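**Student:**
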Amino acid sequence: SQELEQSPQSLIVQEGKNLTINCTSSKTLYGLYWYKQKYGEGLIFLMMLQKGGEEKSHEKITAKLDEKKQQSSLHITASQPSHAGIYLCGARPSGNTGKLIFGQGTTLQVKP
Amino acid sequence: NAGVTQTPKFQVLKTGQSMTLQCAQDMNHEYMSWYRQDPGMGLRLIHYSVGAGITDQGEVPNGYNVSRSTTEDFPLRLLSAAPSQTSVYFCASRSPTGNYGYTFGSGTRLTVV
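Going line by line, the protein sequences match chains A and B.
Counting from 1, one number per residue, gives the positions in the first sequence under this note's numbering.
Counting from 113, one number per residue, gives the positions in the second sequence under this note's numbering.
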């Protein structure tokens, strides 16, 4: 079975600092999804990556998928308190487009 | 607003009781899934469906049943609730096409005592 490992598990940064969250798989990733969750709420879709080497940005958040499609990173530039929450990566196992599994999540706190 | 609707939002069950968590979407999405979220464990896939009449097991299916008689609805049944099923449950749906992810409901917080 495919497993997704996120690091770090938790992160505390000062407002204005940059940070990176990683998502690693033991197998090739087919469709890598990043979500954000605020405490007690549902998940908000951030972006999806499919091709090796692909990079996408939305506001101050940039996600990349490496060439081998086994690792993705989420980078936040000049963090703000609004960035606080849980970040989850999800991926589709090969050949099964209806199934999406997730890593264990990274909890981010941003200190003003 | 269009989206994924889960009911109830909160539920307390006694051990051994059964219940159904409801999930409905009005976006005509073919794919639907159920997840449970426990502290430090992210989201774990319980069951998923790629269309009406088609369901399959996810990572943690034991103790749960699903059916998909219509495109809109994907109920999750707890057959005999156990304290280990205390969790937050999320339903999600997605179209098979397009470069976007699953749309998630707001969750059901279930406590089994």
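Here a beta-carbon is modelled for each residue, glycine too, at the ideal position from N, C-alpha and C.
Small disclaimer: the values here were computed from a predicted structure and weren't measured.
Going by DSSP, name the residue or residues bridged to K58 (chain A).
**Tutor:** It should be noted that the sequence gives His, not Lys, for residue 58 (chain A). For H58 (chain A), which the question treats as bridged, DSSP gives the partners A:I61.
**Student:** Are the beta-carbon atoms of N22 (chain A) and S7 (chain A) separated by less than 8 Å?
**Tutor:** yes
**Student:** Could you tell me the alpha carbon to alpha carbon distance between P120 (chain B) and T220 (chain B), rounded to whole angstroms?
**Tutor:** Computed Cα separation, rounded: 6 Å.
**Student:** Bridge partners for S25 (chain A) per DSSP, in chain order?
**Tutor:** A:L4
**Student:** Which residue marks the beginning of the beta strand (DSSP E) containing L188 (chain B), and which one marks its end?
**Tutor:** 188–190
**Student:** Can you look up Q197 (chain B) in the DSSP assignment and give me helix, strand or coil?
**Tutor:** helix
**Student:** Among A:S79, A:E3, A:K111, A:T107, which residue has its Cα nearest to the Cα of S25 (chain A)?
**Tutor:** A:E3
**Student:** Under the three-state reduction of DSSP, which class applies to H233 (chain B): helix, strand or coil?
**Tutor:** As displayed, chain B neither begins before 113 nor continues past 225, which places residue 233 (chain B) out of reach and without an answer.
**Student:** Check the Cβ of T97 (chain A) against every Cβ in chain B and list those closer than 7 Å, keeping chain order.
**Tutor:** P208
**Student:** Secondary structure at S82 (chain A), three-state DSSP: helix, strand or coil?
**Tutor:** Assigned with DSSP and collapsed to three states, S82 (chain A) falls in helix.
**Student:** Can you pull out the residues from the region 136–156 of chain B whose beta carbon lies closer than 9 Å to at least one beta carbon of chain A?
**Tutor:** E142, Y143, M144, S145, Y147, Q149, G152, M153, G154, L155, R156
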